[in-house]
Ligand code: UDP
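Spelled out as structure tokens, the structure:
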């Protein structure tokens with residue numbers, strides 16, 4: 004345990020709110036920073052302190068001092084690949100430039116540990132699948148590049164200042180808290196499992212399948228879907244490691260090491276709901292690689308963590324339960 008709080012930026016958002024739950028459940032004290040542009044204050048567990056502020060605000064270093072922050076988990080940012088292609092400067096502002104300010108605040112406040120939400124999009128089109136951390140990083144969209152630039156800043160800052168870091172390169176995050184306390188609530192979401200459960204609850208009448216001519220087993224894109232609660236717990240394990248070994252920093256893939264195609268995901272949703280979602284076969288989406296699957300050997304070896312929820316139907320069930328909660332609340 005640490006003597007002070009963990010600052011969670013983006014704690015009112017999807018993955019951040021689950022990290023807040025995992026930290027609180029493990030006994031950590033938490034302060035959430037969120038500007039509520041895409042997040043929701045009701046998504047923040049009441050056990051956490053909350054400061055409504057942008058991560059690039061220079062006053063953040065005072066908040067860090069007041070709350071005796073010993074570690075930052077940084078989730079705030081923009082996450083939609085096609086949007087990053089259309090509006091790259093938004094991504095370099097919200098992801099790269101904002102994070103530069105946040106790291107500066109952390110260094111000024113003497114925060115010793117930093118955990119960053121990175122992405123498999125840093126690899127671009129991988130040379131081989133599963134892809135490992137040491138493989139080339141050549142992003143094919145501004146989203147991936149905005150995150151890779153942040154990884155580079157952290158590497159340089161950790162060499163110059165007393166701070167260590169972990170970058171978790173997320174594969175496709177899905178599902179919701181199994182206890183029903185949080186879930187993916189983003190309005191106008193674009194991620195496949197969220198879209199599919201919206202269709203299953205009547206919010207949409209069909210799901211578009213983007214690309215049927217990829218060199219994959221059924222022609223549709225293959226991704227490594229990881230349950231958001233497993234991912235949140237990996238952050239807690241990463242924090243423990245950074246505290247135990249202050250001289251080390253780590254870049255780790257966060258995935259299960261197996262992939263499902265778009266059609267396989269939709270079939271799983273059909274099985275869970277006992278319905279048949281309408282598929283609309285469409286062309287490829289800008290910036291999409293054919294297949295992204297994690298080599299997760301490093302995270303399994305490095306962290307005191309193992310997947311507990313590696314089950315596509317279970318992920319879909321949790322996502323669906325949350326979608327029904329949102330529908331009941333009229334959201
Ligand atoms: N996808 C799809 N229809 C959708 C949303 C996504 O066919 O409505 C596909 C997408 O092309 C990719 C996979 O599902 O092959 C996962 O996409 P998502 O947007 O969920 O995550 P990404 O891999 O882009 O981060």
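Residue numbers (the numbering used here): 4 to 334. Don't be surprised by glycine CBs; every beta carbon is placed ideally from N, CA and C.
*By Cβ distance, which residues of its chain are closer than 7 Å to residue 251, with the 5 residues on each side in sequence left out?*
The answer, listed in chain order, is 167.
*Figure out for me which residue from 19, 50 and 77 has the closest Cα to the Cα of residue 59.*
For the set 19, 50 and 77, the Cα lying nearest the Cα of residue 59 is the one of 77.
*Coil, strand or helix - residue 238 by DSSP*: Of the three classes helix, strand and coil, the one that applies to residue 238 here is helix, per DSSP.
*Would you list the one or two residues that DSSP bridges to residue 126?*
Residue 126 has no beta-bridge partner at all, per DSSP.
*Just how far apart, CA to CA, sit residue 133 and residue 40?*
The straight-line gap from Cα to Cα measures roughly 35 Å.
*Tell me the start and end of each unbroken alpha helix (DSSP H) in the stretch 53 to 87 that is at least 4 residues and wholly inside, in chain order.*
Entirely contained in the stretch 53 to 87, the alpha helix (DSSP H) runs reaching 4 residues are, in chain order, 63 to 69.
_Please report the distance separating the alpha-carbon of residue 9 from that of residue 32._
Just so you know, the alpha carbons of residue 9 and residue 32 end up roughly 6 Å apart.
*Less than 8 Å between the CB atoms is what I'm expecting for residue 223 and residue 195, so what's the real figure, rounded?*
Actually they are not in contact, since the Cβ atoms of residue 223 and residue 195 sit about 10 Å apart, beyond 8 Å.
*Among 106, 212, 160 and 74, which one has its Cα closest to the Cα of residue 5?*
Taking each of 106, 212, 160 and 74 in turn and checking the Cα distance to residue 5, the smallest one comes out for 74.
*With distances taken between CB atoms, is the gap from residue 3 to residue 137 smaller than 7 Å?*
This structure cannot settle anything about residue 3, because the visible part of the chain is limited to 4 through 334.
*Any idea which residues DSSP pairs residue 149 with across the strands?*
Residue 149 is not bridged to any residue.
_Chain-order list of residues whose beta-carbon lies under 6 Å from that of residue 46 (same chain, five-residue window excluded)_ = Excluding residues within five positions, the ones whose Cβ falls inside 6 Å are 15, 20 and 185.
*Between residue 266 and the ligand UDP, is the CB less than 6 Å from at least one heavy atom?*
Not a single heavy atom of the ligand UDP lies less than 6 Å from the C-beta of residue 266.
*DSSP on residue 21, reduced to helix/strand/coil?*
Annotated three-state conformation of residue 21 is helix, per DSSP.
*asked:* With three or more beta-carbon pairs closer than 8 Å as the criterion, would you say the stretch 174 to 181 touches the stretch 209 to 229?
replied: As far as the Cβ criterion goes, the stretch 174 to 181 touches the stretch 209 to 229, which means the pair count is three or higher.
*Does the beta-carbon of residue 145 have 16 or more other beta-carbons within 10 angstroms, so that it is buried, or is it exposed?*
With 16 or more Cβ atoms within 10 Å of its Cβ, residue 145 is classed as buried.
*From residue 188 to residue 110, what distance separates their C-alpha atoms?*
Roughly 33 Å separates the two Cα atoms.
*Could you check how far apart the C-beta atoms of residue 293 and residue 219 are, in whole angstroms? I think they sit under 8 Å.*
Contact flag correct, Cβ pair sits at about 6 Å.
*Just the C-alpha distance for residue 150 and residue 61, rounded to the nearest angstrom, thanks.*
Between residue 150 and residue 61, the C-alpha separation is close to 21 Å.
*Counting Cβ pairs, one atom from each stretch, are 3 or more of them under 8 Å apart for the stretch 314 to 332 and the stretch 200 to 207?*
With the cut-off at 8 Å, the stretch 314 to 332 and the stretch 200 to 207 touch.
_I want to check one thing, is the minimum distance from the CB of residue 175 to the heavy atoms of the ligand UDP below 6 Å?_
Taking non-hydrogen atoms of the ligand UDP into account, the C-beta of residue 175 is found less than 6 Å away from one of them.
*Can you find a CB in chain C that lies within less than 7 Å of the CB of residue 332?*
Absence of chain C from the displayed structure is noted, only one protein chain being present.
*Could you name the residues that DSSP lists as bridge partners for residue 36?*
Its beta-bridge partners are 12 and 54.
*Let me know the secondary structure DSSP gives residue 96 once reduced to three states.*
It is helical.
*asked:* Can you tell me where the alpha helix (DSSP H) holding residue 318 begins and where it ends?
replied: 315 to 331 is the extent of the alpha helix (DSSP H) around residue 318.
*asked:* By alpha-carbon positions, which one of 330, 116 and 124 ends up nearest to residue 249?
replied: Cα-wise, what sits closest to residue 249 is 116.
*Mind reading off the beta-carbon distance from residue 237 to residue 306? Whole number of angstroms is fine, and I expect it under 8 Å.*
Contact holds; Cβ gap of about 6 Å.
*Determine the contact status of residue 142 and residue 148, defining contact as a CB-CB distance below 7 Å.*
The beta carbons of residue 142 and residue 148 sit closer together than 7 Å.
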